[in-house]
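**Student:**
8 protein chains.
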Amino acid sequence: MTAGGYEDIGHARVDVDRLRRQGMAEAVYGEGKTAEQIVEILRVLKAHGQLPALATRLDAAKAAAVGAALGAEFEYFPAARLGRLGKARTDDGAGTVVVAAAGTSDLPVAEEAAITAETLGNRVVRLADVGVAGIHRLLAERAALEEASVLVVVAGMEGALASVAGGLAACPVVAVPTGVGYGAAFEGLAALLGMLNSCAAGVAVVNIDNGFGAGVLAHRINHVGRNK
Amino acid sequence: MTAGGYEDIGHARVDVDRLRRQGMAEAVYGEGKTAEQIVEILRVLKAHGQLPALATRLDAAKAAAVGAALGAEFEYFPAARLGRLGKARTDDGAGTVVVAAAGTSDLPVAEEAAITAETLGNRVVRLADVGVAGIHRLLAERAALEEASVLVVVAGMEGALASVAGGLAACPVVAVPTGVGYGAAFEGLAALLGMLNSCAAGVAVVNIDNGFGAGVLAHRINHVGRNK
Amino acid sequence: MTAGGYEDIGHARVDVDRLRRQGMAEAVYGEGKTAEQIVEILRVLKAHGQLPALATRLDAAKAAAVGAALGAEFEYFPAARLGRLGKARTDDGAGTVVVAAAGTSDLPVAEEAAITAETLGNRVVRLADVGVAGIHRLLAERAALEEASVLVVVAGMEGALASVAGGLAACPVVAVPTGVGYGAAFEGLAALLGMLNSCAAGVAVVNIDNGFGAGVLAHRINHVGRNK
Amino acid sequence: MTAGGYEDIGHARVDVDRLRRQGMAEAVYGEGKTAEQIVEILRVLKAHGQLPALATRLDAAKAAAVGAALGAEFEYFPAARLGRLGKARTDDGAGTVVVAAAGTSDLPVAEEAAITAETLGNRVVRLADVGVAGIHRLLAERAALEEASVLVVVAGMEGALASVAGGLAACPVVAVPTGVGYGAAFEGLAALLGMLNSCAAGVAVVNIDNGFGAGVLAHRINHVGRNK
Amino acid sequence: MTAGGYEDIGHARVDVDRLRRQGMAEAVYGEGKTAEQIVEILRVLKAHGQLPALATRLDAAKAAAVGAALGAEFEYFPAARLGRLGKARTDDGAGTVVVAAAGTSDLPVAEEAAITAETLGNRVVRLADVGVAGIHRLLAERAALEEASVLVVVAGMEGALASVAGGLAACPVVAVPTGVGYGAAFEGLAALLGMLNSCAAGVAVVNIDNGFGAGVLAHRINHVGRNK
Amino acid sequence: MTAGGYEDIGHARVDVDRLRRQGMAEAVYGEGKTAEQIVEILRVLKAHGQLPALATRLDAAKAAAVGAALGAEFEYFPAARLGRLGKARTDDGAGTVVVAAAGTSDLPVAEEAAITAETLGNRVVRLADVGVAGIHRLLAERAALEEASVLVVVAGMEGALASVAGGLAACPVVAVPTGVGYGAAFEGLAALLGMLNSCAAGVAVVNIDNGFGAGVLAHRINHVGRNK
Amino acid sequence: MTAGGYEDIGHARVDVDRLRRQGMAEAVYGEGKTAEQIVEILRVLKAHGQLPALATRLDAAKAAAVGAALGAEFEYFPAARLGRLGKARTDDGAGTVVVAAAGTSDLPVAEEAAITAETLGNRVVRLADVGVAGIHRLLAERAALEEASVLVVVAGMEGALASVAGGLAACPVVAVPTGVGYGAAFEGLAALLGMLNSCAAGVAVVNIDNGFGAGVLAHRINHVGRNK
Amino acid sequence: MTAGGYEDIGHARVDVDRLRRQGMAEAVYGEGKTAEQIVEILRVLKAHGQLPALATRLDAAKAAAVGAALGAEFEYFPAARLGRLGKARTDDGAGTVVVAAAGTSDLPVAEEAAITAETLGNRVVRLADVGVAGIHRLLAERAALEEASVLVVVAGMEGALASVAGGLAACPVVAVPTGVGYGAAFEGLAALLGMLNSCAAGVAVVNIDNGFGAGVLAHRINHVGRNK
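Residue numbers (our numbering), protein chains in the order written: chain E, 107 to 334; chain R, 107 to 334; chain W, 107 to 334; chain D, 107 to 334; chain S, 107 to 334; chain H, 107 to 334; chain L, 107 to 334; chain P, 107 to 334.
1) Glycine 273 of chain L lies in the beta strand (DSSP E); which residues open and close that run?
2) Classify arginine 126 of chain H: buried if its beta carbon has 16 or more other beta carbons within 10 angstroms, exposed otherwise.
3) Please confirm if arginine 127 of chain P has its CB atom under 8 Å from at least one CB of chain S.
4) Applying the 10 Å Cβ sphere with the 16-neighbour rule, what's the burial state of lysine 193 of chain L?
5) Taking its Cβ as the centre, do 16 or more other Cβ atoms sit within 10 Å of aspartate 198 of chain H, making it buried, or is it exposed?
6) Among the residues of its own chain, which have a CB less than 6 Å from the CB of alanine 216 of chain S, if the five just before and after it don't count?
7) Give me the residue from H:Tyr112, H:Pro214, H:His242 and H:Glu113 with the minimum Cα distance to arginine 119 of chain L.
8) Are valine 172 of chain H and phenylalanine 183 of chain H touching if we call contact CB-CB under 8 Å?
9) Does aspartate 315 of chain S come within less than 8 Å of chain W when only Cβ atoms are used?
10) At a CB distance below 8 Å, what residues from the region 234–260 of chain L approach chain R? Give them in sequence order.
11) Expressed to the nearest angstrom, what Euclidean distance is found between the alpha-carbon atoms of proline 278 of chain H and glycine 237 of chain W?
12) Tell me the rounded alpha-carbon separation between leucine 191 of chain E and alanine 166 of chain E.
13) Please list the residues of the region 267–281 of chain W that have a C-beta atom closer than 7 Å to any C-beta atom in chain D, keeping them in chain order.
14) Just curious, the beta strand (DSSP E) that arginine 190 of chain E is in, first and last residue?
15) Interface residues of chain E around valine 286 of chain W at Cβ under 9 Å?
16) Can you tell me which of P:Gln143, P:Ala266 and P:Arg124 puts its alpha carbon nearest to the alpha carbon of alanine 306 of chain P?
17) Could you name the residues of chain L that glycine 300 of chain E contacts, counting a contact when the two beta carbons are closer than 9 Å?
18) Is alanine 131 of chain W close to chain R, meaning its C-beta is less than 8 Å from at least one C-beta of that chain?
19) Mind listing the chain L neighbours of alanine 118 of chain R? Cutoff is C-beta to C-beta under 9 Å, in chain order.
20) Please identify the residue among R:Ala131, R:Ala186, R:Arg163 and R:Leu176 whose C-alpha is closest to the C-alpha of leucine 226 of chain R.
21) The alpha helix (DSSP H) spanning valine 172 of chain D covers which residue range?
22) Can the beta-carbon of valine 256 of chain W be found closer than 8 Å to that of glycine 308 of chain D?
23) Return the chain-ordered list of same chain residues with a C-beta closer than 7 Å to the C-beta of alanine 153 of chain W, the five sequence neighbours on each side being excluded.
24) Using CA coordinates, which residue listed in P:Glu113, P:Gly319, P:Val122 and P:His117 is at the minimum distance from threonine 222 of chain P?
25) Please tell me whether aspartate 114 of chain W has its Cβ less than 8 Å away from any Cβ of chain D.
26) Buried or exposed: where does glycine 155 of chain R fall if 16 or more other Cβ atoms within 10 Å of its Cβ makes it buried?
27) DSSP state of arginine 119 of chain S, grouped into three classes?
28) Does arginine 195 of chain W get closer than 8 Å to chain S when you measure Cβ to Cβ?
29) Reducing DSSP to helix, strand and coil, say where proline 214 of chain H ends up.
30) Mapping the DSSP letters down to three states, classify alanine 206 of chain D as helix, strand or coil.
31) Using a cut-off of 8 Å between C-beta atoms, extract the partners of alanine 223 of chain H located in chain L.
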């Protein structure tokens, strides 16, 4: 049954109205769901033309099981722990989404943001290891920062990259704290608080390790006033 | 001296390059500064054509002193605790910035966001008291949510409005937790955590009570691909 | 010995007065107890007519051992991690207990609440995946919410469902935060704080993941003024 | 205008549908509102027959101003910091609401719960100073606990009264932590955590110092299966 | 070398003056030490007549290795995770140490306290499962509480037993919060805060799960004015 | 009425059984009570022979009002913010209670502990300003520490004095964290955690700034095996 | 009496050995002490040649009273809330102490550090308003950073200046978080955590707002291998 | 490519300017990196003469793989979990770095600090097990403390050693909290807060378990005014 814009399959009410309403399909939160449940939900989404569709926080084992059931149309991005059913859209955004990661250990979250944005139809430029301990590495990419239409900053530890990059860029900045660090990093809390208190204006923050949310937000920002 | 894009006046190094670099003048953080210091900084900004310029978190007494020194060009918005030197820009954004406040007590923060965005050249629509305890009040404004190019959600207590509105809107959502509430609201912490964990995608969060930051971000989003 | 309403079996003083005093048998908290201890306690309860009796937080291995010792009278509900000795009572409550889960990952806790309430003699209606990111899914169940005599809301992440449902229902609402989420969800803390600060009146909260407690409370509410 | 069940008066959208939908009028949260705003909202409620209506967290000065504007129909309860427009309803609940306060300093919150419940049509019995440091004081009231249809427990410091009373009563228990205490009481956090972790089943918790919410919940529980 | 009251064995400076100074040998904190290190330290203690000596937080594997090296003089108490070199002293305290555990899951910590006290020369009475959810179980042991010279209360969850027992006993009360519980128990924090805020006077608290510390303290209290 | 060991005076149930049960009268927690309420409670205590009785956390204004009502039998100790009705008992403890304060700013809490213990019949020795930043000041008092039957340590900031003194003394140590300090002292939290984690055995902790509780505990320890 | 290196004046044991032992006089922590107590302590210090001596956290009123008692030898620095008895020493350090403040509101704490270091015999260079939101302001001072022998970084909000400056400087960096900010700054906690997790090596942190401690540390670093 | 002082190898931008700029090579943070990535980075560092170079938080398996690839020039220090490419520099510091560990379990962190400092050209003296529970063990090392040019204090639990040693030493003190402890130690938080609030002046703190950072800082302090 699909009364009222969703299809009820027992363990889930799949939102088959979301593409129309919000310009993108419902994403499947992979944690705490079985591979079977994920397959069922993705099939419902496909049946209603809700593609491309993403499944997040998917480990390799689940991804293999999902891929076996859904075939070649399903693609898995192990670094980002993302699965995708259907092809990425063509880029039709206002400009470039720049995804900057402070350190090598932040790359998985950055990649989740990047692939999410690409899937939804955005051109993405990736900058790796531009943390502020050696600021010349960031300053060397100043042109990229100034040309971005959206800047996604991914950083753990103290998350200072968000403030520095936020002071250089003129575009909206989406900051993603990560759980990288130890001790008083408190699994991302230090970076989260740092980014929320950024002395640079124009910075907004998503949940710790939420590369997916940052990618969605970057997409929406890059499509303001365009196709919804 | 203004070597290197700033003017050093002893207690402050006024960033007179920011309009060029980031499309807006440096804002003066009013807390912990004397009226005299604020006046000095605003004068430097004006001398370098960095207008309109905002001073945030300005109480009425300081605002009166600043106004007395700067004259009619300085305007004070008491509800928002904002002072402004110079006129608001003409609206040249992609669409409408909608600022929605969950309750009457959230209005000061919402107003800070709204006036900031208007100052920077955006058309703003205000929605008051659309909290989710009576969801029909929000649903009645569904058209406004769907037409927005940016949605700023201002809410205290549990901050649930961000999730519900975030599930209805297709545009980027900037969520502002407020200190409204008591007990386990922990001065905005509950709303902050709620908004960071929003089950709706496309929501980003700024600091508790940071209406100014939300207004700047809304402006930048509404001008993506436009005048930087 | 059973002096004073309990039987002392060394590692436990089994409360054999609770059915008389509070209308239901003592439940066995399964964590940190061996299968042997659980079996012993359940046997004492049975010997004193304290049935049906529940054992909570029972993993599959312990449940198998307990079941092997106690035979067919013992039933295990794996999704809810509940074991039960004795049959569920016949429904004799004032109305219907509605158990609503925000997401698929919240279902185990919801099921613990539902089976607890059914065991104690209540009719239970389950609503799955009615989280607020797609509010039409909840609004489609408005009739169920309005007809409930008690509403149990189970949600992780930001827990906003409690506020929205609490604004629609006229009956008492029991909110159960879950550990679903990551990062700033802080293992259920965000949902817990959100629910405690609900802008809807008439909402009370139990411990994170405490489906059992919610089921007991729903039962008591549904039997106010009836058989104790 | 009152389209869609509310009346928009600029700073507030007064919910004039709540009495029909939830069996009680919207309450006015007095903190952060001016006396004028409160008067306006109460007048709208009265005009739509939404009485009795409560205003919470009202200090004496605001209450005097509100009373001067609204006349004799408005009554103020200083201990509870509650204002009420319109008379309390006649008791039509299933039984008795017992409000038990652990210490003398908890009485204001207990009184807020008691008057809220009385206003909505419930018989209330008050027990003062029955904290567990001298448990004979509580045991002396055992009959009252056993006859209650709802028990509201109000306690600060460690909040242990909720667990002890919850082990004696057969009815639903609504626990209200208060900010009474110092040091590691952390303004009610210790009592809140204690009550959430109560080893007695059937206990639910509301926000710190939220006597109003406890009163509403007690009312709803006491009217399950009755007039909605 | 044993200059200055200790013997330096490289990884440790064994305090061989403690028996004289504080009436008991240094205890070996077993966590983060190898079995070899523990054996070495215990041998030094023995060589200096510092017996009986305890090693705490010793898992079964380490205990087996230590026992193999030290022979029959070493005894292991698996429930308490304690190892002991040398015999327990004869009881020479002022009275009885009563160790009361709220629930079955609290027994390991209670046992650590009990064996520590017995080792140091105290008569210990154990009370299991006297949590306040069924207060008659505690009241049945009232005589034991009144006759105690020290009362050690071991409880997790909300830790309310400390307050209730503290209101009945006339002797000093040592409260030990445990990590028993889940969710908002926050691994013992709720019990810890509850006990620190006990409304009963005369209650002191040790670290979460610190049965050893409670046993030492009970011993010292029970020997005030006696052999040091 | 005084049925069941207490007298009910409306706002309080005065425990008139406590002297018999616990060897000391109920203390009046002065915060959140009016002077009138305190006077009433103290009069009831006196009428039942429950003297000496203490009122804690009493500011000077309330103390003056209470003193005016009760006359010369009431004494006020401003440094300790304690009021006392009735004379201190004669010392009949096992030995000496030593109260050591780390810094000058900790003296009020230390004095609360000292006067409480003296009131209950103990000889008290006060050591001021023996914090560990200049450890020779503490070592100079080594004899006092070694001769104590109970040691009360009062310290703010990091609270290290408890560990150092606890390593020198053979008697039970009662540690009182204070709110002295700033920044990351978090109003006593740092000292509290430090004392709970003391590497010295035999240390127990009471609530932040709880000099009264420490005094009671010291008294009970000093009277173990004596008059209850 | 001055036995053992201190003089006992009742409320304090003045450490008159500290200049010899640690190269500087004991500082007087002004909070929670009366002007009389401060005067007494400073007089003892002077009598023992322990000059210059500092009194910290001194408000203007106390400073006036202290100054009236001690005469011209006492100097007050209102911005830093420091009082000093005796002249600053001549600079004899290894190089320059650079004190950099992120914003105007951080200047009082920076000044406390600067004057402390100057008092102890160090040349100090002050850099104001070099926060990272406009990084060109910091880069313009690169020469100063590279020539420093110690760098003290004072910053509130997210404290990112410590990481950026720490990545440019080769000398030891002492980071001082301040309480500047609001909301999720949590009175300095965000800056504190940020600085502790600095991705730049060679950064150490002192307590929030502890300019004095930073000044002492800078002094000791600048005098390593010199006069103690 | 090595434009601008770094070499971009895709997953990392290796800072090959750091030796010149800050006197030491970039260290490789081993957590969250593969052995292959670590090898690549170390090879780039070597190619640019950036030796000796350290890799931190390296487990034995990764170290073996790195060692197999890099040969004999790579050395692994298992206790410290440090890998080093290139020889330690010759000692050319101002004096001695003393690394003092409170307990045996703190030794791994102490060793990380010691080897880091030795690698960078410092003479290091190690003091093990000098915790304050037996203060004579520390006092016996008083000469070492007084002769140090830098003192690194490594301690878990309550971290009191920092305050006591800080009161004895005249040199700068770098305090390293460790995660040693349990319960309310909160994985190093108690020690961290304790050290930040040290009543001894001249103490600075690094992140929990950050032996590496302490070693770097000790090195820089020991080289102030010398070779950068």
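Note that CB positions come from ideal geometry on N, CA and C, so glycine has one too. Note that the structure is predicted; figures quoted are calculated from it, not measured.
**Tutor:** Put simply:
1) Where glycine 273 of chain L is concerned, there is no enclosing beta strand (DSSP E), although the alpha helix (DSSP H) it sits in stretches over 267–274.
2) Result: exposed.
3) no
4) exposed
5) exposed
6) Correct list, in chain order: Val205, Ala207 and Val260.
7) H:His242
8) no
9) So, not an interface residue.
10) Answer set for the region 234–260 of chain L: Ala234, Asp235, Val236, Ala239, Gly240, His242, Arg243, Leu245 and Ala246.
11) 55 Å
12) In a straight line, the C-alpha of leucine 191 of chain E is about 16 Å away from that of alanine 166 of chain E.
13) Ala276, Cys277, Pro278 and Val280
14) It spans 188–191 - the beta strand (DSSP E) in which arginine 190 of chain E sits, taken as one unbroken run.
15) Against chain E, a Cβ distance below 9 Å from valine 286 of chain W picks out Tyr135, Glu137 and Gly138.
16) P:Ala266
17) In chain order: Met263, Glu264, Gly265, Ala266, Ala296, Ala297, Leu299, Gly300 and Asn303.
18) no
19) Gly209, Thr210, Ala234 and Asp235
20) Comparing Cα positions, the closest option is R:Ala131.
21) 166–176
22) no
23) none
24) P:Gly319
25) no
26) Glycine 155 of chain R is exposed by the Cβ-count criterion.
27) strand
28) no
29) Three-state DSSP puts proline 214 of chain H in a helix.
30) strand
31) Ordered by position in chain L, no residue passes the 8 Å Cβ test against alanine 223 of chain H, which lies about 20 Å from the chain.
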